[in-house]
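Numbering (the working numbering), first residue to last: -11 to 306.
A virtual CB, placed ideally from N, CA and C, is assigned to each residue, including glycine.
Keep in mind the model is a prediction, meaning the values are calculated, not measured.
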């Protein structure tokens, strides 16, 4: 969905361009979660040349740049958005044309913005949906409550609208609870202290890289009752939100450096999850028991399930 919004088209496995795009996008996301010892001990930065990390970064950067250059040239030449509307690249190019004499926007700037959109909106959305479905399968009553709400609001409609989503209060609670337990970026985005300061007795020098452990905050027993329990009802009668005003719940960060794509990202997750539970019933293969579902994590810039989620789906019929 993020790719369609950004580029106005889908990239499937049936064509060579689609397979190539998916391959280097997967490599790009993997590199985002890769760290070098030189990031923490500067004089050991040379090790990334020896272990091949620098070469891999340069290769993926070149492939991504070539791909985005093609997208810009294509959108400058013809309209490719399938529904006849404007995609995100179209909007950026239109802004570029309108401001070429006043405040020029370079193609490189447009490429960087699109890269940021991919980095923040593809892997995180997939991870969020995977964890949500896994948690719901482990809690059949919660799944049933959510399905009843979505099906009552959406009825037999083929498409779920934004107006429908506004009426799905339990869906929003499920999304919040998934974000609490499985923050899309568990350590958020690295920051740098701008001045010398002291935190809980520790001296933090200016220029120090700072990481915020949103994963641990979301599971802190001093902040949450039964923090390891998936319990969406905890969000039904509270004003706690993910927009950075409640520091016990910061899956998207807080303050001026919070995620600028919160509204879009949450809307994508809500719509995708609503569609999945509206149209399908879920079960574990081979008669597996919900309580035995492996919930171990694999670490990176986003936290995925260590074993892929394998489920049986059957179309829902009224």
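Practice item. Can you give me the Cβ contacts of residue 60 inside the same chain, cut-off strictly under 8 Å, excluding the 5 residues immediately before and after it? Key: Within the chain shown, residue 60 is the residue found at index 72, counting from 1. Hits under 8 Å: 77, 81, 95, 98, 99.
Review point. Going by C-alpha distance, which of 249, 302, 236, 168 is nearest residue 218?
Key: Looking up residue 218 in the chain shown gives position 230. Scanning 249, 302, 236, 168 for the CA closest to the CA of residue 218 turns up 168.
**Study point:** Cβ-Cβ distance between residue 21 and residue 36 below 8 Å
**Key:** For the purposes of this step, residue 21 is taken as the residue at position 33 of the chain shown. For the purposes of this step, residue 36 is taken as the residue at position 48 of the chain shown. Going by C-beta atoms, residue 21 is not nearer than 8 Å to residue 36.
Point to revise | Beta bridge counterpart(s) of residue 8 as assigned by DSSP | key: Working through the chain shown from its first residue, we reach residue 8 at position 20. Answer is none; residue 8 lacks a bridge partner.
**Study point:** Identity of the residue in 259, 132, 207 nearest residue 238 by Cα
**Key:** Counted from its first residue, the chain shown places residue 238 at position 250. Here the closest residue by C-alpha is 207.
**Study point:** Reduced DSSP category for residue 180 - H, G, I as helix; E, B as strand; rest coil
**Key:** Mapped onto the chain shown, residue 180 falls at position 192. Correct three-state label for residue 180: strand.
Exercise for review: Return yes when the Cβ of residue 256 is within less than 8 Å of the Cβ of residue 111, no when it is not.
Suggested key: Working through the chain shown from its first residue, we reach residue 111 at position 123. Working through the chain shown from its first residue, we reach residue 256 at position 268. Cβ atoms of residue 111 and residue 256: not closer than 8 Å.
Point to revise | Range covered by the beta strand (DSSP E) that runs through residue 218 | key: What you label residue 218 is simply residue 230 of the chain shown in a count that begins at 1. Unbroken run through residue 218: none, as it is neither H nor E.
Point to revise | Burial state of residue 176, where buried means 16 or more other Cβ atoms lie within 10 Å | key: Locating residue 176 in the chain shown gives position 188, where the first residue counts as 1. Residue 176 is buried by the Cβ-count criterion.
Review point. Roughly how many whole angstroms lie between the Cα atoms of residue 290 and residue 107?
Key: Your numbering for residue 290 matches position 302 in the chain shown. Your numbering for residue 107 matches position 119 in the chain shown. Cα to Cα, residue 290 sits roughly 10 Å from residue 107.
Point to revise | C-beta atoms of residue 93 and residue 265 nearer than 8 Å | key: Locating residue 93 in the chain shown gives position 105, counting from the first residue. Locating residue 265 in the chain shown gives position 277, counting from the first residue. No Cβ-Cβ contact shorter than 8 Å links residue 93 with residue 265.
Review point. Can you find at least 3 beta carbon pairs, one from the stretch 239 to 259 and one from the stretch 273 to 281, that sit closer than 8 Å?
Key: By the C-beta criterion, the stretch 239 to 259 is judged not to be in contact with the stretch 273 to 281, since fewer than 3 inter-stretch pairs fall below 8 Å.
Practice item. Could you tell me whether the stretch 184 to 196 touches the stretch 145 to 152, where touching means 3 or more Cβ pairs closer than 8 Å? Key: Touching, no.
Check your understanding: At what residue ranges does the stretch 4 to 56 contain a whole run of the beta strand (DSSP E), taking only runs of 3 or more?
Key -> none
Check your understanding: Around the Cβ of residue 199, are there at least 16 other Cβ atoms within 10 angstroms (buried) or fewer (exposed)?
Key -> Translated into positions along the chain shown, residue 199 becomes position 211. Exposed.
Review point. Taking residue 125 as the reference, which of 294, 56, 276, 304 has the closest Cα?
Key: The count along the chain shown starts at 1 and reaches residue 125 at position 137. Of the listed residues, the one whose Cα sits closest to residue 125 is 276.
Check your understanding: What's the C-alpha gap between residue 225 and residue 209?
Key -> For the purposes of this step, residue 225 is taken as the residue at position 237 of the chain shown. For the purposes of this step, residue 209 is taken as the residue at position 221 of the chain shown. Rounded to whole angstroms, residue 225 to residue 209 spans 19 Å at the Cα level.
Review point. Going along the chain, which residues of its own chain have a beta-carbon closer than 8 Å to the beta-carbon of residue 12, five neighbours each way excluded?
Key: If you number the chain shown from 1, residue 12 lands on position 24. Around residue 12: 48, 51, 52, 55.
Exercise for review: Go ahead and label residue -10 buried or exposed: buried means 16 or more other beta carbons lie within 10 angstroms of its beta carbon, across all protein chains shown.
Suggested key: In the chain shown, counting from the first residue as 1, residue -10 sits at position 2. The residue is buried, with at least 16 neighbouring Cβ atoms inside 10 Å.
Point to revise | Residue range of the beta strand (DSSP E) that includes residue 186 | key: Here residue 186 refers to the residue found at position 198 of the chain shown. Taken as a continuous stretch (DSSP letters only), the beta strand (DSSP E) holding residue 186 covers 185 to 187.
Review point. Quick one, are the C-beta atoms of residue 357 and residue 260 less than 8 Å apart?
Key: Coverage of the chain is limited to positions -11 through 306, which leaves residue 357 absent and any answer about it impossible.
Exercise for review: Leaving aside the five residues before and after residue 122 along the sequence, list all residues of the same chain whose C-beta is less than 6 Å from its C-beta, in chain order.
Suggested key: Sequence index remark: in the chain shown, residue 122 carries index 134 (1-based). Here the set comprises 297.
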